[in-house]
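Visitor:
Residue numbers (my numbering): 52 to 538.
(1) Hey, how far is the Cα of residue 442 from the Cα of residue 257?
(2) Put residue 346 into one of helix, strand or coil per three-state DSSP.
(3) Given a cut-off of 9 Å, decide if residue 404 and residue 330 are closer than it, judged by their beta-carbon atoms.
(4) Could you pull the start and end residues of the beta strand (DSSP E) that residue 337 belongs to?
(5) Quick check on the burial criterion: 16 or more other C-beta atoms within 10 angstroms. Buried or exposed for residue 165?
(6) Report yes or no: do the region 149-159 and the region 88-107 share at least 3 C-beta pairs separated by less than 8 Å?
(7) Sorted by chain position, which residues of the same chain lie with C-beta nearer than 6 Å to residue 214's C-beta, five sequence neighbours on each side aside?
(8) Check residue 158 in the structure and name its three-state DSSP category.
(9) Thinking residue 384 and residue 347 are a contact (beta carbons under 8 Å), I'd like their distance in whole angstroms, please.
(10) Please report how far the alpha carbon of residue 119 lies from the alpha carbon of residue 181, in whole angstroms.
(11) Taking the alpha carbon of residue 81 as the reference point, which residue from 134, 142, 102, 64 has its own alpha carbon closest?
(12) Kindly confirm or deny that the region 491-505 and the region 516-523 touch, where touching means at least three C-beta pairs closer than 8 Å.
(13) Per DSSP, what kind of secondary structure is residue 399 in: helix, strand or coil?
(14) Classify residue 537: buried if its beta carbon has 16 or more other beta carbons within 10 angstroms, exposed otherwise.
(15) Under 8 Å by Cβ, that's how I've got residue 127 and residue 100 pegged, so tell me the actual separation to the nearest angstrom.
(16) Which whole-angstrom value describes the C-beta separation of residue 359 and residue 129, a residue pair presumed to lie in contact below a C-beta threshold of 8 Å?
(17) For residue 52, does the three-state DSSP call read helix, strand or coil?
(18) Could you round the C-beta distance between residue 220 and residue 170 to whole angstroms and report it? I think they count as a contact, below 8 Å.
(19) Can you give me the Cβ contacts of residue 240 inside the same chain, cut-off strictly under 7 Å, excluding the 5 residues immediately before and after it?
(20) Taking buried to mean at least 16 other C-beta atoms within 10 Å of its own C-beta, is residue 512 buried or exposed?
(21) For residue 340 and residue 315, which I take to be in contact (beta-carbon distance under 8 Å), what is that distance rounded to the nearest angstrom?
(22) Among residues of its own chain, excluding the 5 on either side of residue 124, which ones have a beta-carbon nearer than 7 Å to its beta-carbon?
(23) What three-state label does DSSP hand residue 434 in the structure shown?
(24) To which residues of the same chain is residue 228 closer than 7 Å at the C-beta, ignoring the five residues directly before and after it?
(25) List in chain order: all unbroken beta strand (DSSP E) runs of 3+ residues lying wholly within the region 273-347.
(26) On the CB-based measure, 16 or more other CB atoms within 10 Å of its CB, does residue 299 come out buried or exposed?
(27) Rounded C-beta distance between residue 451 and residue 372? I'm assuming under 8 Å.
(28) Quick test of your reading: residue 401 and residue 421, contact by CB under 8 Å. State the CB separation rounded to the nearest angstrom.
(29) Any chance you could list the alpha helix (DSSP H) runs of at least 4 consecutive residues sitting entirely within the region 99-179, in chain order?
(30) Kindly confirm or deny that the region 362-372 and the region 288-296 touch, where touching means at least three C-beta pairs closer than 8 Å.
(31) Hey, which unbroken runs of the beta strand (DSSP E) at 3 residues or more fall wholly within the region 421-473?
(32) In terms of residue numbering, what span does the beta strand (DSSP E) encompassing residue 209 cover?
(33) What residues in its chain sit with their C-beta under 7 Å from that of residue 325, if we drop five residues either side in the sequence?
(34) Once you ignore the five residues that flank residue 52 on each side, which residues in its own chain have a CB closer than 7 Å to its CB?
(35) So residue 254 and residue 155 are in contact, right, with Cβ under 8 Å, and what is the actual spacing, rounded?
(36) Tell me which residues share the same chain as residue 388 and place their Cβ nearer than 8 Å to its Cβ, disregarding the 5 neighbours each side in the sequence.
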């Protein structure tokens with residue numbers, strides 16, 4: 052470190068402080084959950100680039116989107132809470148993708164001057180009903196006789212103040228925009244005449260939250276290249292849109308951009324209905340949560356499994372590649388009435404490709420996942436062993452390896468180098484290094500690893516370098532079976 056403090060004229064010991072910004076280690080691809088939301092404040096859609104839209108904790112979300120009591124808030128709060136027990140958190144990061152129809156609008160207010168002409172137009176910086184809680188007070192500046200003052204209030208509390216020469220409304224608008232205000236933008240259609248005094252509420256804000264398939268289709272296009280390993284919508288029970296999203300996730304996997312999707316069911320869903328819904332997917336990248344209604348102490352609400360899906364996605368992200376979704380705690384969650392599946396129903400749900408809650412007796416939770424499974428439950432599909440493709444954790448491992456190797460190939464090999472032995476050696480080294488990294492993390496068995504790189508494609512195609520490799524993932528323990536002898 053370079054010492055920048057000047058030495059004193061006379062011998063002495065001196066110490067000066069230099070502040071540095073803390074560096075946050077970004078979450079890995081598999082720790083990030085994409086959650087499309089409807090909400091009452093914050094940037095809409097892709098107004099913020101995806102790489103800059105990851106929120107790492109609840110205060111950061113509130114700072115960008117507010118804490119309005121909306122489905123979007125509940126989804127993000129649940130995903131970040133995750134397990135909700137000591138040592139067990141939620142997603143390492145969340146991408147809140149705010150969706151809205153064309154009905155979404157910013158709250159506005161128009162202030163007249165003393166000549167009854169429109170003189171100052173204030174517009175909330177974001178669309179949504181939270182803007183309707185903004186008001187402004189225009190009054191004399193108590194500190195200066197020649198000035199007026201504008202106070203911006205949220206839910207009755209002053210949050211910003213602007214002092215300016217009386218009548219110079221253009222200067223006031225410029226000051227609001229130059230700060231810039233965290234709440235409103237300003238325009239001045241007329242200046243030179245004093246603004247009327249009084250309290251002026253903003254109104255007309257609209258969330259545009261009655262979504263259609265068109266908004267979901269736009270979200271799919273925008274989220275195609277999100278650096279996230281898990282996708283989960285909040286409270287989605289519409290059959291058509293769920294089918295649309297399942298097809299999209301399957302296409303993403305085919306295009307080397309896999310994400311695991313976590314969906315749920317309605318509050319009145321039956322065991323048979325949940326199994327039938329899972330049967331519509333039958334895909335290793337889709338996880339179906341069901342059934343029942345559960346009280347969430349954090350939110351103070353009763354939630355269906357469709358409403359709990361983002362929280363389950365946060366738990367899946369937190370468990371990472373070493374721990375399975377099976378037996379994961381859900382602190383602060385309790386069954387409502389007799390909606391919790393019994394033992395035989397849990398077995399039927401698991402066999403049908405549905406992930407469900409079971410009751411446990413632990414210090415910080417009374418519910419946990421009985422067995423985490425994907426909707427893939429076939430036992431006789433060639434090339435897809437059930438014990439591998441029904442395990443969400445292993446699918447996450449395969450997705451991570453796939454994304455890493457294909458990203459490296461696109462950035463370093465395709466179109467950039469010629470098909471020589473050096474290039475083929477580079478492929479061999481990269482694939483081997485990736486596999487060995489997961490061996491070192493105890494995610495892949497060290498024995499039996501094979502990596503082969505061929506000189507050309509079928510028929511001597513020199514523009515193609517085929518490679519193949521094989522390994523055995525390590526498994527998490529699902530059963531601990533003992534035998535005791537007494538005499």
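Think of the CB as a built atom: it goes at the ideal place given N, C-alpha and C, for glycine as much as any other residue.
Guide: Short version:
(1) Cα-Cα distance, rounded: 42 Å.
(2) Here residue 346 carries a strand assignment [DSSP, helix/strand/coil].
(3) It is a contact, given that the beta carbons lie within the stated cut-off.
(4) Boundaries of the beta strand (DSSP E) harbouring residue 337: 337-340, taken from the DSSP string.
(5) Exposed.
(6) Touching, yes.
(7) Within the same chain, and ignoring the five residues on either side of residue 214 in sequence, the residues whose Cβ sits closer than 6 Å to its Cβ are 192, 198, 200.
(8) Three-state result, residue 158: strand.
(9) Contact between residue 384 and residue 347 holds, since their C-beta atoms are separated by about 6 Å, short of 8 Å.
(10) Approximately 7 Å, taken between the alpha carbons.
(11) If we check each option's Cα against that of residue 81, 142 comes out closest.
(12) Per the Cβ contact rule, the region 491-505 is in contact with the region 516-523 (3 or more Cβ pairs under 8 Å).
(13) Shown here, residue 399 sits in a helix according to DSSP, grouped into three states.
(14) Exposed is the call here.
(15) That pair is no contact at about 19 Å.
(16) Contact between residue 359 and residue 129 holds: CB atoms are separated by about 7 Å, below the 8 Å threshold.
(17) Model confidence at residue 52 stands at a pLDDT of 45, short of 50, so the residue's coordinates are unreliable; what they give is reported in the following sentence. Note: residue 52 maps to coil in three-state DSSP.
(18) For a cut-off of 8 Å, the C-beta gap from residue 220 to residue 170 is around 5 Å, short enough to register as a contact.
(19) Cβ within range, chain order: 169, 170, 172.
(20) Residue burial is scored here from C-beta neighbours: residue 512 has fewer than 16 other C-beta atoms within 10 angstroms and is therefore classed as exposed.
(21) Sure, about 4 Å apart at Cβ, within 8 Å.
(22) For residue 124, where only same-chain residues beyond five positions count, the Cβ hits under 7 Å are 90, 118.
(23) DSSP places residue 434 in coil when its eight states are reduced to three.
(24) Excluding positions up to five away in sequence, the list reads 236, 237.
(25) The beta strand (DSSP E) runs lying completely inside the region 273-347 and spanning 3 residues or more are 311-314, 337-340, 344-347, given in chain order.
(26) Residue 299 counts as buried, since at least 16 other C-beta atoms from the protein chains shown sit within 10 angstroms of its C-beta.
(27) The pair is a contact, with the Cβ atoms about 7 Å apart (cut-off 8 Å).
(28) That pair is a contact at about 7 Å.
(29) Runs of the alpha helix (DSSP H) inside the region 99-179: 109-116, 122-132.
(30) In short, these stretches do not touch, since the Cβ pair count stays below three.
(31) With a minimum length of 3 residues, there is no unbroken run of beta strand (DSSP E) contained wholly in the region 421-473.
(32) Run containing residue 209: 208-216, per the beta strand (DSSP E) assignment.
(33) Only 316, 339, 341, 342, 400, 405 meet the Cβ criterion.
(34) Per-residue confidence for residue 52 stands at a pLDDT of 45, beneath the threshold of 50, marking its modelled position as unreliable; no derived number is given.
(35) Not a contact, Cβ separation roughly 15 Å.
(36) The answer, listed in chain order, is 344.
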